[in-house]
Amino acid sequence: MAHKLFRLGLPLGKQDQDIFNPKNEADRAALAAFYKNNEEGAGGWYPIGLSQTWHNGIHLTGQLNTPVRAIAPGRIVAARLRMKGGEPAKKPKEYPLGGPQFVLIQHDLKVLDKKSLEEKDPTKWTFRDVKFYSLYIHLYLPEASAKNIPWLKSFAPFLGPAPEADASGPSRTFARVAIARDEPTKKSPGLTFFGPPKKEGGSFVRGGPLSFFQEGITLEVLTPTATEASFAQMGHSKVKNPETGQVGWVRSQANQLVVVPEFATQVQELEKGGCSKLDYMVRAGECIGLVGEVKPGSGMVHLEVFSEENVIDKDDLSQWHLFENDADDDPLCEIQGLPKELEPLAYNSSALITPQEVQKTFTELSDTQRQFLRSCITRNKSVWAIEWKDVKKNNESWAKEFELTDEQASAATELMWWKDTQDAGVELPANPLVYHYHPLALMEYLALRLLAPPLFYVERDKEEFFVTKPSDLNPGESVHVYDLTVDRWQLGVQKDEGIERLWLPPGEHNLYELLFKRKAADYVPTLSEDARLIWASLWKSEGALAGINTWDVAFLSFGPFQQTMGDGDTKGELAGALDYVRSHSTGKDLFQKYFLDHGFDVDSVGGAAWMKTGYANLGGKVLKTSADKEILREFIWAYRFVKAMEDPAFSKLFLEQGFKRLQVIRDMEYDFGNGQKFKLSQIHKSQLAQALLLDAHINRPGFLKQADGWSELGAGLWAEPAKSVLGKLPEKALGSPGFELSSITAEHEFEMIKLIISFRELKLKKSSPVTDAAKRAAFIMLCVQGLDDDVAKACGYASVNDILAKTKDPNAGKYKYGFLGKPILKKPEKKAEEPPATGTDAAAKAE
């Protein structure tokens, strides 16, 4: 089951997805800076204001136009963009008490209950529901430049005289972009907007990309014409770009679009002004507005958190100070139980004090006193539901002491939003008598009830759901990771019974970049020049350092050589590679850190040097059977391998074992008869031949040896071509008396390469010798020095274009790297042209 996940975002910052985790030292420092920002400011403290009124939020100052961010995932349920009547809001500095633009977010979270905080088994976790609201007011919400505010950018094109104004037309459908990018196109900056489909070969294909839509943008979905219906059935939706009016198509078969039934109504609400009812999903850390100018050159935002029911677990209340007796209809702070030195701040103290004295008291607070105020929970009427004219009338002495004028009461009334928002149909507590918390202190409390990282999660319409195994996924979903080092990275994409490998740091560099261009060289052991070039040519068929695969019959495959845990009940090479690290003098501690400390070990390791195999051992249980190995598909084990490979010391040892495979195949021997027992490297001398055979051995090692029982291939992928070419020489053939290795010519080598490529593609009864054999071989061929049509023909291809076609990649031409050695091709000399016949010679030829 996928549990709903939440994370917390810091309230101000330039970086999107700036997630807060109390176990991260940098995040704790950032939170401390926000406390300091508020408590050492000129006002806006919690929970008491300068005028002995409740101040149920905090003021955070920042540079103008700094992004203000959601502190937790939720739904924007209300906002004030324009004033009543549709009048645009003035800039915040033009309001004496701060700007009226606001965003209100409702948060419905599931947090671990107290008894689950120490439980490591996710199947035993229990949760409790937490519901609260966060308010961000005195914002700057610029309609004309909303590109960095996703929710506003979604609505802005439909407001006023924009191309898509009047979104309320009959029978119009709107949908929100629900993914950050197209899954098939890893590098796309958003959901691809394609041109109109074109008919090719009797069927529709999409046009070229026009632009990209960012996640959260709302599009109008159009009805396809009769001729476009077949294309629509292929998982595409016809949409209109809200900014340009351009019509095109987007992929929509994997929930890229989520219909927003009430979108037109929400546009109308925003357009007419006042407090508007909305329904827009936001993530923690997502920008919801900008810091506006309150005083010349000074920016500030008011952040407040409240709830109808107390969200603090009853078992934790001893850590807090609860004040819930002030239940009247005014904002005056009538609070009992404050420490003696703080009592003058309250309205019901022995004497009124001036705002200057309140400010002096706050700035001189000790750390202990500040901590006391942070941990206060107050239940009082929300200041945003106050009738300020009545307050002034009913509390004359207080109003006089703090110089509350009619103009100020009117300005305060203009900021009130509770009643208007409730009248608009927003789901608020029925009574504005609510619980308030210091926003930063509540973040700290909730953060400790986060699921312990590493967390694996999927995104579904901007909500995150915790997952542990492939059965928790929907088809094609991406699994993301949240850990203490990186807030968000992608582990893999759902495929069959597991997830598919991806390019992950430091393995975003392929073998060509790692070995030929020397990128991320710190993670790779030193290789001979010959070996470096052969391995680099496998860049496309093999993968990144941290590539993973948990979907096929081998349960878990890892690394650029895709060593596995073994098919079915057999042993796997991955255990052998780990055993090499575990047994190495410099690898023991690394293996302990990344595997043993987490209950993972290897067992029953044995076999030939550099090709050892074994089983995994989890918590003392040896995983020998298919049923036992299923647990290795759980995301935590793919994660453990990826984290290990991020350590250069581990990576070098792990790859050192893997790179030895080239020597393994070079040393393979075959008895061709008459005492002629040769090694593979004695027969296949070129880098090209060895690269093709190495690629095959990594993919399906059993096909290289006759001893492994593949009778359809005779002597195997390397010896059978030798027998077929050299064993049929007219004189002194391989396997007959007198054969010498020196008799192998370049022509012989090319003929054997041609057979190797052909044999790799055989359709055998049991399985194919190499997966995607033609494609893999074609990319290796593109690495060959001096590749031209003559070289291509010598290797069995019609031309270089034939090789390019077999890659099935329209961009393959740019991969003609030209570094891999081949046999020397002797091209036939061109015959000299005879001079044209004249005179007697011409007559003679004519006769």
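No gaps in the numbering here: position 613 of the sequence shown is 893 in the numbering used here, and each next residue is one more. Think of the CB as a built atom: it goes at the ideal place given N, C-alpha and C, for glycine as much as any other residue.
Secondary structure within the segment 544-586: not one fully enclosed alpha helix (DSSP H) run of 4 or more consecutive residues is present. Here Val-902 has Asp-883, Tyr-895 as same chain residues with Cβ atoms under 6 Å from its own Cβ, once five neighbours each way along the sequence are excluded.
Around the beta carbon of Val-833, fewer than 16 other beta carbons lie within 10 angstroms, which makes this residue exposed. Rounded to whole angstroms, Ala-426 and Ser-434 show a C-alpha spacing of 9 Å.
The secondary-structure analysis by DSSP pairs Gln-986 with nothing; it has no beta-bridge partner.
Each residue's CA atom was taken as its position, placing Gly-572 and His-718 some 22 Å apart. Annotation for Asn-660: no alpha helix (DSSP H) segment contains it, though the beta strand (DSSP E) segment containing it runs 656-661. Gly-289 carries a strand assignment under DSSP once its states are collapsed to helix, strand and coil. In this structure, Glu-500 keeps its C-beta atom at 8 Å or more from the C-beta atom of Pro-469.
Around the beta carbon of Asp-859, 16 or more other beta carbons sit within 10 angstroms, so the residue counts as buried. A distance below 8 Å separates the beta carbons of Glu-707 and Val-357. Its Cα nearest to that of Leu-622, the residue Thr-643 stands out among Thr-643, Gln-937, Ala-312. Note that the C-beta distance between Thr-830 and Arg-913 is below 8 Å. In the displayed model, Lys-1102 falls within coil according to three-state DSSP, outside both helix and strand. In the structure shown, His-418 adopts coil according to DSSP, grouped into three states. If you draw a 10 Å sphere on the C-beta of Leu-597, you find fewer than 16 other C-beta atoms in it, and that means exposed.
Contact check for Val-861 against Phe-930 passes: the beta carbons are separated by less than 8 Å. Taken through DSSP and simplified to helix, strand or coil, Val-457 comes out as strand. Counting along the chain, no alpha helix (DSSP H) covers Asp-752, and no H or E run does either.
Nearest to Phe-454 by alpha-carbon distance, out of Gln-956, Thr-545, Thr-524, Leu-419, is Thr-545. For Phe-473, the enclosing beta strand (DSSP E) stretches over residues 471-474.
Membership of Leu-942 in the alpha helix (DSSP H) is indicated by the continuous run 941-946. C-alpha of Val-773 to C-alpha of Ala-826: approximately 14 Å in a straight line. Just so you know, the alpha carbons of Ile-1037 and Arg-946 end up roughly 18 Å apart.
A distance below 8 Å separates the beta carbons of Gly-488 and Phe-474. Annotated three-state conformation of Ala-896 is strand, per DSSP. Rounded to the nearest whole angstrom, the CA to CA distance from Gly-953 to Ser-1004 is 14 Å. Going by DSSP, Ile-338 is part of the beta strand (DSSP E) stretching over 337-342. The C-alpha of Asp-559 is placed about 33 Å away from the C-alpha of Lys-404.
Taking Leu-735 as reference, the option from Trp-917, Ile-657, Asn-754 with the minimal CA-CA separation is Trp-917. Here the alpha carbons of Met-891 and Leu-942 stand approximately 11 Å from one another.
In its chain, beyond the 5 residues on either side, Tyr-874, Phe-875, His-878, Phe-880 have a beta carbon closer than 8 Å to the beta carbon of Arg-920. Put simply, of Ala-976, Leu-1042, Lys-909 the residue whose alpha carbon is nearest the alpha carbon of Gln-842 is Ala-976. With a threshold of 16 other beta carbon atoms within 10 Å, Thr-472 meets it and is buried. The count of Cβ pairs closer than 8 Å, one atom from the segment 414-422 and one from the segment 371-384, reaches three, so the stretches are in contact. When beta bridges are read from the DSSP output, His-516 appears opposite Arg-531.
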